[in-house]
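Per my numbering, the very first residue in the sequence shown carries number 1014; after that it's consecutive. Ideal Cβ positions, reconstructed from N, Cα and C, are used throughout, including at glycine. Written below as structure tokens is the structure these notes are about.
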Amino acid sequence: MTFSKLLSNHLKWMKAALREAERALEEGEVPIGAVVVQENQIVGRGHNMVERLKDPTAHAEVIAITAACDTLSSKFLKGCTLYVTLEPCPMCAGSLILARLDRVVFGAFDEKAGAVGSLYDIPGDRRLNHVVESISGVEAETSAALLQAFFQRKRKNKID
């Protein structure tokens, strides 16, 4: 596959993850979205649902991975790529390994909790039982803008 075709695919699937992030935003959740892709098809999707479910583990990545495992009737997601709008946290990075994903593609870096390069590189740690390839910066500006708008609005509402 040529580089331009590969980039085009990454952009296509990241846009699907961004649509999930927009759903989270509409629901008053932190706007992070994710999709799991296998053989050019979405097999799982999710967005943050922490507030709605009152569950601190209801991150977009975990929801998308759970949906993909259900779709494929497997606890392992070999041959799959997770696209997510924000760099996964340590919990979600661990989920990538446990699910045996081939790769993760993310948008914006998370300087406060990022575990795929910012603070840690959990999926790339060869001491663990599986290594997940990571690609960063796909639609990073769009992903970051969604998050900034959400938190600016949240701060403004606290002041009002």
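Nearest-angstrom Cα separation, counted from residue j out to residue i
| i | j | result |
| --- | --- | --- |
| S1017 | L1024 | 10 Å |
| Y1096 | V1118 | 5 Å |
| I1148 | E1154 | 15 Å |
| T1098 | F1122 | 9 Å |
| E1042 | H1060 | 8 Å |
| W1026 | R1116 | 13 Å |
| R1168 | L1132 | 26 Å |
| G1127 | K1171 | 26 Å |
| L1085 | V1145 | 19 Å |
| L1031 | S1156 | 7 Å |
| Q1165 | K1067 | 23 Å |
| V1129 | G1120 | 11 Å |
Cβ pair residue i, residue j closer than 8 Å
| i | j | result |
| --- | --- | --- |
| A1073 | I1110 | no |
| T1070 | M1104 | yes |
| L1159 | A1034 | yes |
| I1055 | A1029 | yes |
| T1015 | V1050 | no |
| A1106 | L1090 | no |
Closest by C-alpha distance to residue i, when choosing among the options
| i | options | result |
| --- | --- | --- |
| C1102 | H1143, W1026 and D1134 | D1134 |
| D1083 | R1058, K1067 and G1092 | R1058 |
| L1019 | H1143, R1139 and V1151 | V1151 |
| R1114 | G1120, G1130, E1124 and S1087 | The question names Arg, but residue 1114 is Leu in the sequence shown. Checking every option, the nearest Cα to that of L1114 belongs to S1087. |
| A1081 | E1052, Q1161 and M1062 | E1052 |
Below-8 Å beta-carbon distance, residue i vs any chain B residue
| i | result |
| --- | --- |
| N1061 | Note that chain B does not occur in the displayed structure, where there is just one protein chain. |
Residue i beta carbon near the ligand PLP (any heavy atom closer than 7 Å)
| i | result |
| --- | --- |
| A1153 | In the structure shown, the ligand PLP is absent, as is every other ligand, since no ligand is present at all. |
Proximal residues to residue i (C-beta, below 7 Å), its chain only, five neighbours per side dropped
| i | result |
| --- | --- |
| E1064 | G1041 and E1042 |
| S1108 | E1074, V1075 and I1078 |
| L1176 | Residue 1176 lies beyond the stretch modelled for the chain, which goes from 1014 to 1173, so this question has no answer here. |
Cβ neighbours of residue i in the same chain (closer than 6 Å, five flanking residues each side left out)
| i | result |
| --- | --- |
| H1143 | I1110 and R1113 |
Neighbourhood of residue i by C-beta distance below 8 Å, restricted to the same chain and skipping five residues each side
| i | result |
| --- | --- |
| F1163 | L1038, V1043 and P1044 |
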